[in-house]
Structure formats: structure tokens, C-alpha cells
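So the protein lines, in turn, are chains C and A.
Quick note: the first sequence uses my numbering, first residue 360, plus one each step.
Quick note: the second sequence uses my numbering, first residue -18, plus one each step.
Glycine is no exception: its CB is placed at the ideal position from the N, C-alpha and C atoms.
Below is one structure, written out as C-alpha cells; comments come after it.
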Amino acid sequence: MTTTSTAPRQTVKPPAARRSFVERWLAIIFLAPTLLGMALFTFLPIIGSLVLAFFRWDIISAPQFVGLDNFASLAQDPTVRVSFLNTIVFVAVAVILQLGIALSLASMLQARMPSWLRVFLRSTFFFPLVLSAASVSIFMRYMFNEQFGVVNWLLSLIGIPAVPWLTSPVASAAVVVLVYVWQNFGFSFLLFLGALSNIPKELHEAANLDGATGWKQFSYVTLPLISPTVLVASVMAIISALQVFDQPYVLTNGGPGDSTRTAVMVIFESAFQQLEFGEASAIGLVLTVLILAVTALQFRLSRRFVFYQ
Amino acid sequence: MSSQTLQTRTSEHTVSTTGTPATRKPHRNSRLPAAGTIGRYAALAVAAALTLGPVLWTLSTSLRTPSESFNLPPSFLPLNPDFTAYQEVFRQINVGLLVLNSALVTGLIALGQMASATLAGYAFARLDFRGKKAIFSLVLATMMVPVQVTIVPVFMLIRGMGLSDTLLALILPAIPTAFGTFLMRQYFLGLPNDFAEAAALDGAGPWRIFRSVYVPLAVPGMAIVGILAFNFHWNEFFRPLILTISEQNFTLPLGLVTLQGNLGTGSISVVLAGVILSMLPALVVFIFGQRTLREGLTAGASK
């Protein structure tokens, strides 16, 4: 932009123009690794997925154009339907639990307490986040074992008979939710903690003086002030819950029956176990559309319910 | 859970405001803890126990002998530790190779992300070029695409490149990072412009300004990108499950899940010893880089 205004003035390139020339080349070189990498490993695969969804391909024989057959067959496939239903129920339950627990704990931590205790609790609730979901599922699978698991042992202490955690449809779905929430509530907790500590103290004091305490203060003062964070936290929680894979894969491998099979597990199985790469791509596209739709819906809702300062 | 919080809040505030109606500020330092305070501490204690309990159980069970590791009652504190399980896990699987693979993959991804994100972030923050906004939006848009959707074509691409069943198959696709680029752009935008002007007056060109002025200042930002990459890829399970085939290329989480599959419920403590070993690097990051990790994790939300 500066080049055009200064160029006609003299034949020798002024330093500013030379600098912007160098800068442009530098920008190209600096962006090259990221942009080339993304072109190769993100954009090309997205196009590949879109194209592949209309083909039948097992890698071995030549791909065969089948139109919308993949989408038609996944709509009829009971396993795919159950898996999407499972995923949606899982997202609803897990996200509500995750956000509820995170918000309760974050607001409890706002009260007066020794600072070492606050640091300790913050670290504790955040700790599961640094573990691998696969490792967590490994030890949780032992803990929820029906015969020798520590969970049933604890329940037996208060007289509850052994629950078949990993072998009954409802209980195994509950275990997947619990293990997922155990590991992930810390992320929402951190977001809420940041938002709550940004609320000026005077606002709570003013609300106290006006007689707005407890639930009233929470719903009329605190919640509106942190509503942008609630929105962001729920979008992030929903998007990551829609992609759940590690926990059900390790804990139950989708069973018993299809009761804990999720959308991503079906992508994995149809591609890498049944070699139905076209159908796997079609399922992937449906999942992406679902993710985009949820995000769009939440931002639409946010215009009505979120209060930006 | 949430109704309990609200109850505790209610009682605390009613006690403190009605107790001292005359003073302007309700003083909360009364000697007797209110019922609400006790309830709140009880709830926090239960939450902390439920969070730490499983980890403590894992640690202390890994320190029981393999034969008694599934005996009840369970142990939560390793009172007389036994290290047989740790010797046994090294015999069952090639722990050294798993650790080496995980360290190579994670380390190279972290370095690659730090370098590429620093370069790209700097270009977006401080260099002038046409189409900057559009390209940046395109980069951000890739964050919306889940890895599960691109994995099938990536798998084929890797095959086509002749990289299937190599560690490079895990490393290369993970290096371009939209989130890291976003973080580094934010970081460079937060640094003052004066340094660049002063350096330019001294005759430094755009490269010198980047290399000698801004890169040293951006080290904390690069640390955030590196730690996030480390935490994510050390624990990654989905991509290694698909992109590696032979056991010599397995990373730790994959090796441990395979070990659990092989051993079943035979000797829990052996598998758990492996789990504890795999947690150690994460624990180091947690102890020394917790603040950086927290900043990085919440950076995406506070935009």
C-alpha cells in the first residue's frame, strides 16, 4: 500500500518500499510451513472426505461411484442409528453434569478460605486433565469391575448389592459418562474460575446491600455476568463430547451390544475394520454437520440469553 | 450439586448480613463457622476425594504384588510397597521402546508446532501482506474440523507417501497448528511496537527485527504452545491406534491398552504399574508447568 504512494516520486527505491517488499517475502516464507501443512493434512483430506462419501472403496479394488448410497445405508443401518442416538444422549448428560459440577465447584472456591487450600483444590480438580483418556479408562475399568472392583466394594459397605457396571446396557453407559466427566470437568472449572474471579467485588457487595442474596444474587448478578463464559464453555464441552472415543473404546468397546457405541467408534470400525472407507467418510460428514449445527444454534441462542458488557 | 452450593451461599450471606445490621460492611470473620461454610467444605472435600481417590488407588495397587492386587479390601495408601509389578511390566512389554516412541513423537510435534506457529503467528501479527485477514480466518476455520473426519483421507495420504506404520505418520500431520498459530499471533500482538521501530532506526531489517527482537520476547508464548502440544500428544490414543500397525511403533497409551487386553484381569498391578509410569511426564508438566498449561488451555476461550 505504501509502495503505490511513494513509488512515482523517485527511481531509487525508498527504504520503506524496500522494507515492505522484504516483508512480503518474509511473510510468504513464514506462513509456508503452516499453510502447506494445512493444505496437505487438513484441506485436501476435507475434500477427500467429501468425495469419498459418494464412493464405495475398500482400498484394494478400484473405487466405485455409488451416489447417495452411503448416506442411505447409514440411515438404515441400526448400528449407526443407535450410535448417533447414544452420542446425543451422552453429550446431553455428560455436558450438563460437567458444567454443573464445574460451576458449583468454581463458585464454592470463591468463598473465603486459606490460599494454600484454594491452590490445592484448584490443582486437584485440574489434575485429571493432564492424564491420558486411555490410561484413565484402563484403571477405571478395573475399578468398575463387577467382582473385585473397588466401586462395588465401596457400595457393599453401605449394603448395595454388586452392580454389573460394564455388562449391563444402562450401567455401562453411566460408567462411560462418569469416567468422561471425571476427566473433563476440570477444563470447564478453569474457565468458570477465571470468569468468576473477574467479577468486581463491589457488585456482590451492592447486591448484598440491596437484599439480593443466595439464589437471587446468583441468577440475577453472577450468572448474567459470566454468561459469555457459560456459552463458550458449553460450546467447547459439546464439541469435544460429540467426538468421544477413547473412553468407550477402552472401557466397553461399544458393548454390551451397541449400548455404548458412539459415532466416532462407528467411523473407526467401518473404515479400519470393515474397510468401508466411503461409508466411514459419510458418517464423518454427518458428524461434522452436527458439530457445525450445534455451534451455529448456540451462537444464535446467545443473542437472546448472553449479556455482553 | 448446584442446589447445594446455592444453599450454602444463602445461609452464609444471611448470617453475615443479619448478624451485623449496624455496620456498613458485613464482617465475616466471626469465630463460629456458619452451617453453610461447613456444608461447603464438606462438598469440596468429597469432590477432592472423588478426584484423587482413583489416582491414589492406581498408585497403591501398582505397589501390591501381582497375585494379591485384586484382593479386597482395596488399598488406597501404599503402606508396604512392593515393586514386583514394575519389574514385571518391563518383562511383559518393551516399556523402554514405548517411552522412546512417545517421547520422539511428542517432542518432535511440540518442537515443530513451536517453530511453525511462531513463524506463522508473527506473520499474522506483525507483517504486512495481501489477504491477511482471509488467510487467518481460513486457518482458524480448521479448528472446527474434528480429526475423526479427516483421518480416513490422512490415512490414505500417509500410505501414498510411503509413511504408513512409521513414527513420521504421527508427527508430520500434527505439526501445522491453528490453535498454536492463534496463540502466537495474540502473543506477538501483545508485545509493544516500540522495539521494532527502535531496531528499524538502527538499520535492522525485518528478519533481524524478528530474530533478535521478537523471538526472545516470545519465549513464554512458545512455551505455552509446546506444553499444550506435549500434554495433548503424549496422551493421544485415536491417531496412533489408526496410523501405527506394528508394536515397535506403538506409543505408550496404545501399548498399555494392548497390555490390558493381553493380561485381562490376571495381574492388575502390572498394568497399573505401566499406567503410573506413563503418568510421570504428565506429572512433571503438571508440577512445573501448571500455570503455563492453565493459561494455554483457557486462552482459546478468553478471546
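Going by DSSP in three states, residue i sits in which element: helix, strand or coil?
i: glutamine 542/C; result: helix
i: arginine 107/A; result: helix
i: phenylalanine 64/A; result: coil
i: phenylalanine 267/A; result: helix
i: arginine 663/C; result: helix
i: glutamine 606/C; result: helix
i: glutamine 423/C; result: strand
i: arginine 471/C; result: coil
i: glycine 414/C; result: One detail in the question is off: residue 414/C reads as phenylalanine in this sequence, not glycine. Three-state DSSP puts phenylalanine 414/C in a strand.
i: leucine 278/A; result: helix
i: glutamate 635/C; result: coil
i: glycine 518/C; result: coil
i: proline 157/A; result: coil
i: arginine 166/A; result: helix
i: valine 126/A; result: coil
i: phenylalanine 71/A; result: helix
i: alanine 199/A; result: coil
i: isoleucine 585/C; result: helix
i: serine 118/A; result: helix
i: serine 48/A; result: helix
i: serine 640/C; result: helix
Beta carbon of residue i, beta carbon of residue j: below 8 Å?
i: proline 404/C; j: valine 135/A; result: yes
i: threonine 654/C; j: valine 594/C; result: yes
i: phenylalanine 485/C; j: valine 133/A; result: no
i: alanine 104/A; j: leucine 390/C; result: yes
i: threonine 401/C; j: threonine 162/A; result: no
i: leucine 649/C; j: methionine 125/A; result: no
i: alanine 453/C; j: valine 529/C; result: no
i: leucine 244/A; j: proline 221/A; result: no
i: alanine 150/A; j: isoleucine 139/A; result: yes
i: phenylalanine 498/C; j: threonine 39/A; result: yes
i: threonine 147/A; j: asparagine 230/A; result: yes
i: leucine 237/A; j: serine 259/A; result: yes
i: alanine 470/C; j: arginine 21/A; result: yes
i: valine 86/A; j: threonine 232/A; result: yes
i: alanine 386/C; j: phenylalanine 110/A; result: yes
i: proline 157/A; j: glycine 396/C; result: yes
i: leucine 552/C; j: arginine 659/C; result: no
i: leucine 409/C; j: glutamine 129/A; result: no
i: arginine 275/A; j: leucine 549/C; result: yes
Who are the near neighbours of residue i in its chain, counting only those whose CB is closer than 7 Å to its CB and skipping five residues on each side?
i: aspartate 605/C; result: Ala492, Ala493 and Ser496
i: glutamine 457/C; result: Val540, Asn543, Phe544, Ser547 and Ala596
i: phenylalanine 424/C; result: Phe413 and Phe414
i: phenylalanine 211/A; result: Thr87, Ala91 and Val266
i: serine 466/C; result: Leu555
Looking only at its chain, what residues have a beta carbon closer than 6 Å to the beta carbon of residue i, apart from the 5 residues adjacent to it on each side?
i: alanine 554/C; result: Ile585 and Thr588
i: serine 43/A; result: Ala66, Ser250, Leu253, Ala254 and Ile257
i: alanine 521/C; result: Glu505 and Asn511
i: glutamate 217/A; result: none
i: tryptophan 475/C; result: none
i: alanine 641/C; result: Ala412, Asn429, Phe430 and Leu433
So, is residue i buried or exposed, given that buried needs 16 or more other C-beta atoms within 10 angstroms?
i: glutamine 633/C; result: exposed
i: tyrosine 579/C; result: exposed
i: aspartate 175/A; result: exposed
i: glutamine 94/A; result: buried
i: serine 193/A; result: exposed
i: arginine 272/A; result: exposed
i: tryptophan 384/C; result: exposed
Can you tell which of the options has its C-alpha closest to the C-alpha of residue i?
i: asparagine 543/C; options: Val381/C, Thr483/C and Gly396/C; result: Thr483/C
i: alanine 532/C; options: Pro607/C, Phe443/C and Val489/C; result: Pro607/C
i: threonine 18/A; options: Leu468/C, Leu490/C and Glu628/C; result: Leu468/C
i: valine 381/C; options: Arg111/A, Trp188/A and Leu274/A; result: Trp188/A
i: serine 442/C; options: Ala566/C, Arg500/C and Thr619/C; result: Thr619/C
i: leucine 462/C; options: Leu516/C, Phe577/C, Gly614/C and Ala565/C; result: Phe577/C
i: lysine 560/C; options: Phe546/C, Thr581/C and Ile387/C; result: Thr581/C
i: isoleucine 388/C; options: Ala159/A, Ala96/A and Ala180/A; result: Ala96/A
i: isoleucine 447/C; options: Phe631/C, Ala641/C and Ala622/C; result: Ala622/C
i: leucine 89/A; options: Leu144/A, Trp215/A and Leu33/A; result: Trp215/A
i: proline 127/A; options: Val265/A, Ile152/A and Phe219/A; result: Phe219/A
If I measure Cβ to Cβ from residue i and keep anything under 8 Å in the same chain, skipping five residues before and after, which residues do I get?
i: serine 599/C; result: Asn543
i: leucine 172/A; result: Tyr195, Leu198 and Ala199
i: glycine 277/A; result: Leu164, Ile205, Val206, Ile208 and Leu209
i: alanine 434/C; result: Arg440
i: serine 248/A; result: Pro47, Ser48, Ser50, Ala66 and Glu69
i: glycine 426/C; result: Phe413
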